[in-house]
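Trainee:
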Amino acid sequence: MDLKLLLNWRLHLTVILASLLAEWIGILRIPMGPGTLLLLPLFYAFIIGVLLNPHLFSGMNRIIPESVSNAAGPLILIAILPFIAKFGSTIGPAIEQIIAAGPALILQELGNLGTMLLALPFAVLVLRMGRETIGATYSIAREPNIAIISDKYGLRSPEGIGIMGVYVVGTMFGTLYFALMAGYLASLDIFDVRALAMACGVGSGSMVAACSGALAEAMPGMRDELLAFSGASNLLTYATGLYVSLFIALPAAEWLYKRLSPTALQEARNENL
Numbered sequence: 072m073d074l075k076l077l078l079n080w081r082l083h084l085t086v087i088l089a090s091l092l093a094e095w096i097g098i099l100r101i102p103m104g105p106g107t108l109l110l111l112p113l114f115y116a117f118i119i120g121v122l123l124n125p126h127l128f129s130g131m132n133r134i135i136p137e138s139v140s141n142a143a144g145p146l147i148l149i150a151i152l153p154f155i156a157k158f159g160s161t162i163g164p165a166i167e168q169i170i171a172a173g174p175a176l177i178l179q180e181l182g183n184l185g186t187m188l189l190a191l192p193f194a195v196l197v198l199r200m201g202r203e204t205i206g207a208t209y210s211i212a213r214e215p216n217i218a219i220i221s222d223k224y225g226l227r228s229p230e231g232i233g234i235m236g237v238y239v240v241g242t243m244f245g246t247l248y249f250a251l252m253a254g255y256l257a258s259l260d261i262f263d264v265r266a267l268a269m270a271c272g273v274g275s276g277s278m279v280a281a282c283s284g285a286l287a288e289a290m291p292g293m294r295d296e297l298l299a300f301s302g303a304s305n306l307l308t309y310a311t312g313l314y315v316s317l318f319i320a321l322p323a324a325e326w327l328y329k330r331l332s333p334t335a336l337q338e339a340r341n342e343n344l
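72 is the number of the first residue of the sequence shown in the numbering used here; add one for each residue after it.
1) With a cut-off of 8 Å on the beta carbons, I'd call Tyr209 and Ala320 a contact; round off their distance for me.
2) Anyone know if the C-beta pair for Gly302 and Ser275 falls short of 9 Å?
3) Whose C-alpha, out of Met131, Leu110, Leu189, Thr85, is nearest the C-alpha of Ala324?
4) For the stretch 246-254 against the stretch 210-229, do three or more pairs of beta-carbon atoms, one drawn from each stretch, fall closer than 8 Å, so that the two count as touching?
5) Going by beta-carbon coordinates alone, are Ile217 and Ile234 separated by less than 9 Å?
6) Check for me: the alpha helix (DSSP H) holding Tyr115 runs from which residue to which?
7) Assuming Leu82 and Ile135 make a contact with CB atoms under 8 Å, what is their CB distance in whole Å?
8) Leu111 to Ile98, Cα distance in whole Å?
9) Under DSSP, the alpha helix (DSSP H) around Gly206 begins and ends at which residues?
10) Quick one: what does DSSP say Arg227 is sitting in, helix, strand or coil?
11) For Val197, which residues in the same chain have their Cβ closer than 7 Å to its Cβ, ignoring the five residues on either side in sequence?
12) Is it buried or exposed, Tyr328, if we count other Cβ atoms within 10 angstroms and call 16 or more buried?
13) Taking its Cβ as the centre, do 16 or more other Cβ atoms sit within 10 Å of Val273, making it buried, or is it exposed?
14) Here's the rule I'm using: 16 or more other beta-carbon atoms within 10 Å means buried, otherwise exposed. How should Thr85 be labelled?
15) Compute the distance between the beta-carbons of Ser283 and Leu306, then report whether it is under 9 Å.
16) Select from Ile205, Ser277, Val195 the residue whose C-alpha is nearest the C-alpha of Ser316.
17) First and last residue of the alpha helix (DSSP H) that includes Arg133?
18) Figure out for me which residue from Ala257, Ala207, Ala212 has the closest Cα to the Cα of Met293.
19) Which residue comes first and which comes last in the alpha helix (DSSP H) that contains Val25?
20) If we require 4 or more residues per run, which alpha helix (DSSP H) segments fall completely within the stretch 239-327?
21) With H, G and I counted as helix, E and B as strand and the rest as coil, what does DSSP make of Ile101?
22) Rounded to the nearest angstrom, what separates Phe318 and Val239 at their Cα positions?
23) Would you call Ser304 buried or exposed, if buried means 16 or more other Cβ atoms sit within 10 Å of its Cβ?
24) Quick check on Arg330: does DSSP put it in helix, strand or coil?
25) Classify Arg265: buried if its beta carbon has 16 or more other beta carbons within 10 angstroms, exposed otherwise.
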């Protein structure tokens with residue numbers, strides 16, 4: 072990483088102006104049916120960032136050169152660290168509530184398998200995807216999951232292409248989607264808000280920050296408790312998610328793909344002949 076690129080004055084000025092504009096707009100609440108959609112400053116900052124991206128609009132090179140944009144990308148991991156540290160400080164005081172949640176907090180990691188059971192059949196039967204489906208649907212496609220696919224199949228394989236596609240889309244839109252969905256579901260009053268906070272902990276720092284932030288705005292009286300639940304869930308996901316993905320989710324995705332894909336079924340018949 073070139074330090075000179077990161078110290079580019081245009082980059083820092085753009086970030087400051089985008090942040091000030093997003094905070095100036097503030098939180099907007101839009102009624103939608105029985106619920107309310109929360110638009111947080113993070114949403115506006117995301118839109119501004121997309122509009123200024125030189126990869127999407129070549130004219131934006133005059134504001135932020137492409138080389139500076141490439142160098143600044145990994146900084147999201149550093150920028151999210153203070154928020155992760157805050158999670159750690161809120162888990163301790165709320166340890167009694169977390170323990171009272173019992174096995175729900177531990178077993179919630181298995182919920183990631185539910186998305187695969189929905190997404191994989193749709194990808195194979197409706198979208199007619201090949202083995203890219205396995206990499207794309209077996210996990211939330213964050214860094215540990217990419218490491219598993221890279222080691223087992225290689226990133227140039229169909230499975231590698233599948234997981235990298237979801238990783239890119241998740242990086243671009245996952246945070247935004249989590250923030251909007253969490254705020255709306257909280258307003259519907261269907262699920263226990265603590266369950267929604269646990270669902271925020273999917274193993275992505277930016278996603279859990281956006282999701283728990285939206286819940287905290289929807290339920291300000293439970294702010295510390297919600298941050299504690301989402302933080303504990305995220306930590307458990309990091310601790311157990313890798314093993315669930317490796318020993319349960321990936322074999323299940325392989326098994327399901329072989330029984331749904333016409334190509335895989337034909338290959339199995341040829342092997343039996």
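Backbone N, C-alpha and C fix where the C-beta goes; we use that ideal spot for every residue, glycine too.
Mentor: For this structure:
1) About 5 Å separates the two Cβ atoms, so the contact holds.
2) No.
3) Of the listed residues, the one whose Cα sits closest to Ala324 is Leu189.
4) Too few Cβ pairs lie closer than 8 Å, so no.
5) Yes, the pair counts as a contact, with Cβ atoms nearer than the cut-off.
6) Per DSSP, Tyr115 belongs to the alpha helix (DSSP H) from 112-122.
7) Indeed, because the Cβ distance is near 6 Å, the residues count as touching under 8 Å.
8) If you draw a straight line from the Cα of Leu111 to the Cα of Ile98, it is about 5 Å long.
9) From DSSP, the alpha helix (DSSP H) with Gly206 extends over 203-208.
10) Per DSSP, reduced to three states, the secondary structure at Arg227 is coil, with no helix or strand assignment.
11) There are no such residues.
12) Buried, by the Cβ-count rule.
13) Of the residues assessed, Val273 falls on the buried side of the cut-off, its CB having 16 or more other CB atoms within 10 angstroms.
14) Buried, by the Cβ-count rule.
15) Contact flag unset, no.
16) Here the closest residue by C-alpha is Ile205.
17) No alpha helix (DSSP H) contains Arg133, which DSSP labels as neither H nor E.
18) Ranking the options by Cα distance to Met293, first place goes to Ala257.
19) In this structure the chain extends from 72 to 344, so residue 25 is not present and cannot be described.
20) Annotation note: the stretch 239-327 contains the following uninterrupted alpha helix (DSSP H) runs of length 4 or greater, listed N- to C-terminal: 246-259, 264-271, 276-289, 294-315.
21) Strand at Ile101.
22) If you take the alpha carbons of Phe318 and Val239, they lie about 24 Å apart.
23) With 16 or more other Cβ atoms inside 10 Å of its own Cβ, Ser304 counts as buried.
24) In the three-state reduction of the DSSP assignment, Arg330 falls in the helix class.
25) It is buried - the Cβ of Arg265 has at least 16 other Cβ atoms within 10 Å.
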